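Scroll down for the structure; my scribbles are underneath it.
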Amino acid sequence: MTETDIEDLKRGTDLVKRGFARMQKGGVIMDVVNAEQARIAEDAGAVAVMHLEAVPADIRKRGGVARMADPGTIDEIIEEVSIPVMGKVRIGHRKEAEIMEVAGADMIDESEVLTPADDKYHIDKRDFTAPFVCGARNLGEALRRIDEGAAMIRTKGEAGTGDVNQAVHHQRTIKSEIRKLEGMNHEERVMWAREHEAPRELVHETAEMGRLPVVNFAAGGIATPADAALMMYHECDGIFVGSGIFGAEDPEKMGRAIVDAVNNHDDPERLEEIASNIGAGMKGEANADLPEEEQLQGRGN
Amino acid sequence: MTLEVGVVAVQGDVSEHGDAARRAAANHGEEAVVHEVRSAGVVPDCDLLLLPGGESTAISRLLEREGIDEEIVAHVAAEKPVLATCAGLIVASRDARDERVETLGLVDATVDRNAFGRQVDSFEAPLDVTGLDEPFPAVFIRAPLIDEVGDGVDVLASWDGKPVAVRDGPVVGTSFHPELTADARIHDLAFFENAEAAL
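Taken in sequence, the protein lines are chains P and Y.
Quick note: the first sequence uses this note's numbering, first residue 431, plus one each step.
Quick note: the second sequence uses this note's numbering, first residue 65, plus one each step.
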């Protein structure tokens, strides 16, 4: 056996960034605002925590400009838990992303939940060593984000509402567009790429794989174990829960129940046990009652 | 012949391991039937078992909640092959020096979780592995390092002087992710060298 050369290593490659996202599959990533919540999330079985200043439901209530959280708090969370710690930055805010990378975030969410810093461009994520996750409402949007370097896609849903219907809508749209692509020939796929402003190579790759070329999570309005199971039924690879854990009556029970529901999403009898006696979910706000200017999903395209 | 392959699927990169097991079996002219293990009752019917990468805290909690942990221990006691990667190796180890992870003691080794740092320190590199002619394209993601190994443990590969791939009887453990590339040689090494004795 020859000696392995330890200088011969590469960091921040697509394989390493997308590989990190793959390790999150089948898991639940929970929004937390401090180390105490992060501890509860890890104990409940979360695969990672997402750090932000306030959960989306509170950002909605509070109004004003929503920005990256204090990077000092992320240090405390990193000290507290052994699972990956992610952080949200504003769409197009490269400097917030650089700060978050240096602060030690294992993944950066360029998120519509925060107030966009750029009305036209997303961050060029290819330059970063840390992997990124981005939201999408349809396949064209998802492929544009992957082209910019996103290593994971999540549905946008409608964050902070506790209403799962937009997450369902976005996931169904993505899956349905992929099924259509699979039935197309080469030139039809090229035309589809032009019409949907999607990079051509990624359109072909998606059609051949029959799925997004990166991990595809659900997010935006997931509030109960049944919601999480529903998104797994719609072939998501895993779940983000924002306000649904710490907006619930009993966050410990709700967190654990959502983790168990993802693992048992195809077993109704187990789901019945899991969903029983866990206290009330977050109150929420139906998407149908939400005026367009209050919707977050339209931020970034 | 047909091999019944169980992939522990409570969390982690499950489909990648299923694909790698199928590739390794095909190289030997055999067919792998892959079973995803999310609850008790599946492992006893499996010839080979995979413990994938993921988050070791989440995996170990779910193995215990679902009662799969004891079935895995029984599988190894029956000398049937196991490949455990990254988080799977942590769960399979004797001691992870962390009360948040319930280890199964299948590999007589202690491990240090997240030994390389944060995700920005994750990397890929060619790695020399005993039994393989050419270096293996190893992907280390928030990887553990193996700290101490017992007398019966063979070290198959090292990184910077620390073991990163070991064999303890029917169990092969790696701190990297052989399932992330199309190269099935580690699955081959874990299953088909061991399998002949076990089947």
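Think of the CB as a built atom: it goes at the ideal place given N, C-alpha and C, for glycine as much as any other residue.
All values reported here derive from a predicted model rather than from experimental measurement.
Residues of chain Y whose Cβ lies closer than 7 Å to the Cβ of aspartate 438 of chain P are, in chain order, Ala189, Pro190. Under the three-state reduction of DSSP output, leucine 439 of chain P falls in the coil class, being neither helix nor strand. Apart from sequence neighbours up to five positions away, the residues of its chain that approach lysine 683 of chain P with a beta-carbon distance below 7 Å are Ile708, Gly709, ordered along the chain.
In terms of Cβ geometry, valine 107 of chain Y and glutamate 68 of chain Y do not form a close pair [threshold 8 Å]. Distance between methionine 582 of chain P and aspartate 215 of chain Y, taken at the CA atoms: about 42 Å. Within the segment 71–103 of chain Y, the complete alpha helix (DSSP H) runs of at least 4 residues fall at 78–91. In the structure shown, the three-state DSSP call for lysine 226 of chain Y is strand. For valine 485 of chain P, the closest Cβ of chain Y is not nearer than 8 Å. For arginine 164 of chain Y and glutamate 143 of chain Y, the gap between their C-alpha atoms comes out near 28 Å. Annotated as distal: valine 235 of chain Y and alanine 151 of chain Y, with beta-carbon spacing of 8 Å or more. Taking a contact to require three or more Cβ pairs closer than 8 Å, the segment 713–720 of chain P and the segment 491–508 of chain P do not qualify as touching. Considering only P:Lys440, P:Val645, P:Gly517, P:Ala649, the residue with the shortest C-alpha distance to isoleucine 576 of chain P is P:Val645.
In the DSSP annotation of this structure, the continuous segment of the beta strand (DSSP E) that includes alanine 148 of chain Y starts and ends at 146–149.
Valine 446 of chain P sits away from glutamate 119 of chain Y, with the two beta carbons spaced by 8 Å or more. Annotation: the continuous alpha helix (DSSP H) that includes isoleucine 504 of chain P extends over 501–510. Valine 495 of chain P counts as exposed, since fewer than 16 other C-beta atoms from the protein chains shown sit within 10 angstroms of its C-beta. Between the alpha carbons of methionine 639 of chain P and arginine 492 of chain P lies a distance of about 43 Å.
In this structure, the CA atom of leucine 114 of chain Y is about 38 Å from the CA atom of isoleucine 529 of chain P. Under the Cβ distance rule, asparagine 707 of chain P does not count among the residues neighbouring chain Y, no pair being separated by less than 8 Å.
Within the same chain, Cβ atoms closer than 6 Å to the Cβ of histidine 626 of chain P are found at Gly570, the five residues on either side in sequence being excluded. Here serine 222 of chain Y really is in contact with valine 228 of chain Y; their C-beta atoms are around 6 Å apart, less than 8 Å.
The segment 647–657 of chain P and the segment 582–599 of chain P touch, with three or more beta-carbon pairs separated by less than 8 Å. If you check each beta-carbon in the segment 104–121 of chain Y against every beta-carbon of chain P, the ones closer than 7 Å belong to Gly117, Gly118, Glu119, Thr121. In this structure, the CA atom of glutamate 510 of chain P is about 11 Å from the CA atom of aspartate 473 of chain P.
Non-local C-beta neighbours of glutamine 183 of chain Y in its own chain, meaning closer than 7 Å and more than five positions away in sequence, comprise Arg206, ordered along the chain.
In the DSSP assignment, glutamate 68 of chain Y is bridged to Y:Val97. Among the CB atoms of chain Y, none fall inside 8 Å of the CB of glycine 730 of chain P. DSSP places proline 234 of chain Y in no beta strand (DSSP E); its state is neither H nor E.
Chain-order list of chain P residues neighbouring valine 219 of chain Y: empty, with the shortest C-beta distance near 11 Å, by a criterion of under 8 Å. Within the same chain, Cβ atoms closer than 6 Å to the Cβ of alanine 122 of chain Y are found at Gln75, the five residues on either side in sequence being excluded. Counting only runs of at least 4 residues, the segment 647–720 of chain P fully encloses the following alpha helix (DSSP H) elements, listed from N- to C-terminal order: 655–663, 673–676, 681–693, 698–705. Judged by their CB atoms, glutamine 727 of chain P and glutamate 540 of chain P are not nearer to each other than the 8 Å cut-off. Where serine 541 of chain P is concerned, the enclosing beta strand (DSSP E) starts and stops at 537–541. Among the residues facing chain P, isoleucine 205 of chain Y is included, as its CB has a counterpart in that chain under 8 Å away.
Under the Cβ distance rule, proline 681 of chain P does not count among the residues neighbouring chain Y, no pair being separated by less than 8 Å. In the assembly as shown, methionine 621 of chain P is an exposed residue. Its beta-carbon has fewer than 16 other beta-carbons within 10 Å.
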